[in-house]
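Student:
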Amino acid sequence: MAIADSFFVFGRDSNQLLIPLIGKTVQGMLEKLPASGEVEIEVSEWFQEVTEYAITRTALGRSYDDGKDVFQLQTKQMVFAAEAFRKKNTMSWKLDKEIRRGLTALIRRRKESSNDEKPGGRHEKDLLRLMINASASSPGGITTGDMVEECKTFFFAGKQTTSNLLTWATVLLAMHPEWQERARAEVLQVCGSRNIPTRDHLAELKTVRRLFSPPDVLTFSSSFVLVIIPFSLSPKISQLGLILNETLRLYPPAVATIRRAKADVEIGDYRIPRGTDLLIPIIAVHHDERLWGPDVARFDPGRFAEGVSRAALRPTAFIPFGLGGRTCVGQNLALLVARLTLAIILQRSSFRLSPAYVHAPTVLMLLYPQYGAPILFRPLPSQPSPQSCHNIS
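Per full-length UniProt numbering, the very first residue in the sequence shown carries number 1; after that it's consecutive.
(1) Hey, VAL187 and LEU240 are a contact pair by Cβ (cut 8 Å); roughly how many whole angstroms apart?
(2) Determine the DSSP secondary structure at residue 402, reduced to helix, strand or coil.
(3) Would you call the region 174-184 in contact with the region 313-328, where contact means no fewer than 3 C-beta pairs closer than 8 Å?
(4) In the DSSP assignment, find the beta strand (DSSP E) that holds LEU278 and state where it starts and stops.
(5) At a cut of 8 Å, does the region 364-372 reach the region 159-175 through at least three beta carbon pairs?
(6) Quick one: what's got a C-beta closer than 7 Å to residue 401's C-beta in the same chain, skipping five residues either side?
(7) Mind pulling the alpha helix (DSSP H) runs of 4 or more residues that sit fully within the region 280-342?
(8) With DSSP collapsed to three states, give me the class of PRO177.
(9) Run the CB neighbour count on VAL337, radius 10 Å, all protein chains shown included, and call it buried at 16 or more, exposed below.
(10) Assuming ARG199 is part of the alpha helix (DSSP H), what are its boundary residues?
(11) What did DSSP end up calling PHE212 once you bin it into helix, strand or coil?
(12) What's the C-alpha gap between GLU246 and TRP168?
(13) Comparing C-alpha positions only, which one of SER114, LEU103, ALA174 sits nearest to CYS151?
(14) For the putative contact between LEU346 and LEU202, defined by C-beta atoms under 8 Å, what is the C-beta separation to the nearest angstrom?
(15) Roughly how many angstroms separate the alpha carbons of ILE258 and CYS328, rounded to a whole number?
(16) Whose C-beta lies closer than 7 Å to the C-beta of SER114 among residues of the same chain, with five residues either side of it excluded?
(17) State the start and end residues of the unbroken beta strand (DSSP E) segment that holds GLU42.
(18) Which residues share a DSSP beta bridge with VAL190?
(19) Ordered along the chain, which non-local residues of its own chain (more than five positions away) have a Cβ less than 7 Å from that of THR316?
(20) Would you mind working out which of VAL148, ALA343, GLU45, VAL358 sits nearest ARG100, comparing C-alpha positions?
(21) Beta-carbon separation of LEU33 and PRO381 under 9 Å?
(22) Check for me: the alpha helix (DSSP H) holding THR247 runs from which residue to which?
(23) Output needed for LEU248: all residues of its chain with C-beta closer than 6 Å, excluding positions within five of it in sequence on either side, in chain order.
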């Protein structure tokens with residue numbers, strides 16, 4: 001399966017539409033910048049726009065216009081939820097009630113419109129449609145309340161995962177112009193200097209997963225299971241793929257994850273009883289010298305040149321999205337949007353750190369730049385498109 005087809009199974013058809021829509025969004029953002037000279041952009045805020053659009057489209061499909069206002073409320077809620085003060089938390093609870101009401105009404109309208117659709121017709125495969133179909137086929141399974149929670153989780157996790165990946169990748173490329181130039185040369189050869197990358201282009205600007213990775217099966221409820229097809233296997237990885245992998249190693253979307261033992265298990269000398277909650281410190285694993293070597297703190301995308309499973313001493317040392325059946329549901333979308341967005345930026349702009357930038361990664365639910373990420377962008381002149389867009393492997 002081609003890498004751009006390794007989107008969620010429910011998005012395999014819809015990504016034909018999603019890619020140009022996201023591409024035009026990013027292109028529009030860049031066209032608002034001055035035509036000459038440098039301009040400073042706070043990218044940690046800037047990338048929220050494109051990721052919010054992508055996530056909402058994927059979750060709600062044709063109900064995007066109805067749902068975007070609800071998800072914008074959730075963006076406000078994230079700010080209040082991170083605060084400890086009772087007054088602000090009260091506002092978070094009020095917003096949560098409003099979000100639930102909005103999503104419940106949206107789901108009800110989608111159910112009603114689904115009843116009017118012709119059987120066997122071609123329908124958009126968004127997350128909400130899959131859940132509604134699962135509910136209809138097994139009335140005792142996934143409920144409207146479950147759908148509300150899954151939409152909320154998908155939006156929060158997907159938006160933050162993607163915007164953080166884009167932010168840190170841009171910061172690192174601004175810090176390391178030699179890697180920025182390598183990635184730009186690759187993008188220009190594959191896509192030209194002004195063409196919005198297509199699904200075929202993204203397949204060539206590839207990143208890879210573990211060489212032994214099987215399809216993942218994610219269980220949302222007793223009656224709703226989502227299968228994710230992993231990325232296609234490739235003996236080579238593009239420059240952009242190497243950069244994204246190293247960004248995810250240094251600045252993983254989540255600093256830790258929690259898993260619960262389903263049965264009694266022994267790991268080495270440890271006996272772990274069933275029901276025990278285990279905290280996996282992802283950021284500690286990614287920065288462990290015993291796994292990655294003495295240069296663990298250095299930005300070196302080349303460490304992934306032989307594939308993810310050979311980048312460290314252990315093949316499972318790279319876990320930015322977790323592993324197995326509970327892997328992050330937003331990982332494929334995050335990588336798709338990141339490749340597309342970075343490709344368009346590299347086509348059209350060079351960038352460097354603003355003198356105002358202060359490097360201070362901090363944890364506020366997720367890993368953020370504490371003082372923001374101001375980047376100086378300069379537009380690039382248009383260059384001739386390549387004869388072929390299919391000579392990068």
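Beta carbons are placed, not taken as given, at the ideal position from N, Cα and C, and that holds for glycine. Values in this document were obtained by computation on a predicted structure and should not be read as measured data.
Tutor: Based on what the coordinates show:
(1) 7 Å
(2) An answer regarding residue 402 cannot be provided, because it is not within the stretch 1 to 393 covered by the chain.
(3) no
(4) 277-280
(5) yes
(6) Residue coverage of the chain in this structure runs from 1 to 393, which leaves residue 401 outside it and unanswerable.
(7) 282-286, 289-292
(8) helix
(9) buried
(10) 199-204
(11) Low per-residue confidence applies at PHE212: pLDDT is 34, beneath 50, and the placement is therefore not dependable, though the value from the model is reported in the following sentence. Residue state, collapsed to three classes: coil.
(12) 10 Å
(13) LEU103
(14) Rounded, the Cβ-Cβ distance is 13 Å, inconsistent with contact.
(15) 12 Å
(16) ILE132
(17) 39-42
(18) Bridge partners of VAL190: none, in fact.
(19) LEU323
(20) VAL148
(21) no
(22) 239-250
(23) PRO320
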